[in-house]
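Numbering of the sequence shown is given in my numbering, commencing with residue 85 and proceeding in unit increments.
See structure below.
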Amino acid sequence: MDKPQITYVRCFTFTCNFSLQVSVSPVPVYVPGEGLQLLPPRLAAPFICEVCRAEPTKLKAAREEMFKYIGPEQTQEGFDG
85 MDKPQITYVR CFTFTCNFSL QVSVSPVPVY VPGEGLQLLP PRLAAPFICE VCRAEPTKLK
145 AAREEMFKYI GPEQTQEGFD G
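Structural data, given as structure tokens:
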């Protein structure tokens, strides 16, 4: 079995010095018309460590900063409330 490919990503809050260990090993994805392919994961979402997630003020600040980059928060009818 292949050794997993690992990278380290800094916590998005930028108020702590934690780095999170993230697997970037290719995963099988079905692509219509092309079949099953091994593709690397897209690391588009911000990573927030569990210490910062546990502190409401840090989490709120991180979410506000995140939405500056990705646009306003969106909800899906029937799933998010």
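For glycine and all other residues, C-beta sits at the position ideal for the given N, C-alpha and C.
Cβ-based burial, residue i [other Cβ within 10 Å; buried from 16]
| i | result |
| --- | --- |
| A146 | buried |
| F151 | exposed |
| R97 | One point to set straight first is that residue 97 is Thr, not Arg, in the sequence displayed. Answer is buried; the Cβ neighbour count reaches 16. |
| K87 | exposed |
| I90 | exposed |
| K144 | exposed |
Enclosing alpha helix (DSSP H) for residue i [first to last residue]
| i | result |
| --- | --- |
| V108 | Run containing V108: none; DSSP gives neither H nor E here. |
| E134 | 134-137 |
Run of the beta strand (DSSP E) containing residue i, from where it starts to where it stops
| i | result |
| --- | --- |
| R94 | 90-94 |
| L127 | Run containing L127: none; DSSP gives neither H nor E here. |
| G119 | 119-123 |
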